[in-house]
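Novice:
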Amino acid sequence: MTSRGICVVIEDDHDIRDLIDLILSSEGFDVHAFETGTEGVMAAERLNPALITLDLGLPDMDGREAAKLVAALTPAPILMITAFAEREDELQGMASGAAAYLIKPFRPQQLREAALELAPLELAPTELVPTPLASVPLAPIPLV
């Protein structure tokens, strides 16, 4: 399977963290999971991720603050995955730097689709093969 790159998962709930890891690993991501915002922000800076998933309710900082820190360190898209389901929560999350917002509980297919849309496989450059020119009769050039 082709690697989609590194995904940094920042989620304090062990079961949800494992579920995200399972789903995204099956799609080709190299998942690195962290329980706190501090650990996740440091990992995002160091690992050059293709995708970051981020919970809003972290034990050491607000997820919106973590998103701002991460967005300043890496161009990787941030997928917020949270139980905060109000429209205002979503707007604040997006204003903090999230590229997409997924509400818990989520279906595995929803996570899969969001992740694949945010971090598509990079297309390998096509090999350039010279195309032979058609045989064109050349007229002699008159000498002056």
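Here my numbering = 1-based position in the sequence shown + 1356.
For glycine and all other residues, C-beta sits at the position ideal for the given N, C-alpha and C.
1. Going by DSSP, what residues sit across from I1459 in a beta bridge?
2. Give me the DSSP bridge partner(s) of D1418.
3. Nearest to L1435 by alpha carbon, out of D1369, Y1457, M1417?
4. Rounded to whole angstroms, what's the CA-CA distance from Q1448 to L1477? Just pull it up for me.
5. Which residues in the same chain have their Cβ closer than 8 Å to the Cβ of I1376, if we skip the five residues on either side of it in sequence?
6. In whole angstroms, what is the alpha-carbon distance linking L1479 and G1384?
7. Helix, strand or coil: how does DSSP classify L1479 here?
Specialist: Quick answer:
1. T1438
2. G1413
3. Of D1369, Y1457, M1417, the residue nearest in Cα terms is Y1457.
4. 29 Å
5. V1365, E1367, V1387, A1389, T1409, I1437, L1467
6. Note on L1479: pLDDT 42, under 50, position unreliable in the model; the coordinate value appears next. Between L1479 and G1384, the alpha-carbon positions lie close to 15 Å from each other.
7. In this prediction, L1479 has a pLDDT of 42, which is less than 50 and means its spatial position is unreliable; nothing more can be read from the coordinates.
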